[in-house]
Amino acid sequence: MAAFVENPRQAVQEADATFDEVVAGLTKALADRSRLLRADRDGGRSEAETEDLRIALQQYRDLTERLLRL
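Residue numbering for the sequence shown follows the working numbering, beginning at 325 and increasing consecutively.
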């Protein structure tokens, strides 16, 4: 907060840059997680088993619910 008092414009610019970094990191983490879910779902096979699909659906639902709570 002291930085804001000294230089409000710079403080807001730094906050904006930090926010962009966090969003970029979150976007990368979500893309990585999505790739893992797809790999787990497919398991290297052309057709996933019903149980594999059930687990994948549950993981997608859980992740989506967590994102919506943000």
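Note that the Cβ used here is the ideal one computed from N, Cα and C, for glycine as well.
Leu361 and Leu391: beta carbons closer than 9 Å? Within the sequence shown, residue 361 is the residue found at index 37, counting from 1. Within the sequence shown, residue 391 is the residue found at index 67, counting from 1. Result no, Cβ atoms of Leu361 and Leu391 do not sit closer than 9 Å.
Consult DSSP for Arg385 and reduce its assignment to one of helix, strand or coil. Along the sequence shown, read from residue 1 onward, the residue named residue 385 stands at position 61. Note: Arg385 maps to helix in three-state DSSP.
Would Phe328 and Ala335 qualify as a contact pair, given that the criterion is a beta-carbon distance under 9 Å? Position 4 of the sequence shown, counted from the start, is the residue given in the question as residue 328. Position 11 of the sequence shown, counted from the start, is the residue given in the question as residue 335. Yes; because the gap between Cβ atoms is below 9 Å, this pair is in contact.
Local conformation of Arg393 per DSSP, three classes: Along the sequence shown, read from residue 1 onward, the residue named residue 393 stands at position 69. It is coil, neither helix nor strand.
Indicate the three-state DSSP secondary structure (helix, strand or coil) for Glu373 in the structure shown. Reading the sequence shown from its first residue, position 49 is the one you call residue 373. Note: Glu373 maps to coil in three-state DSSP.
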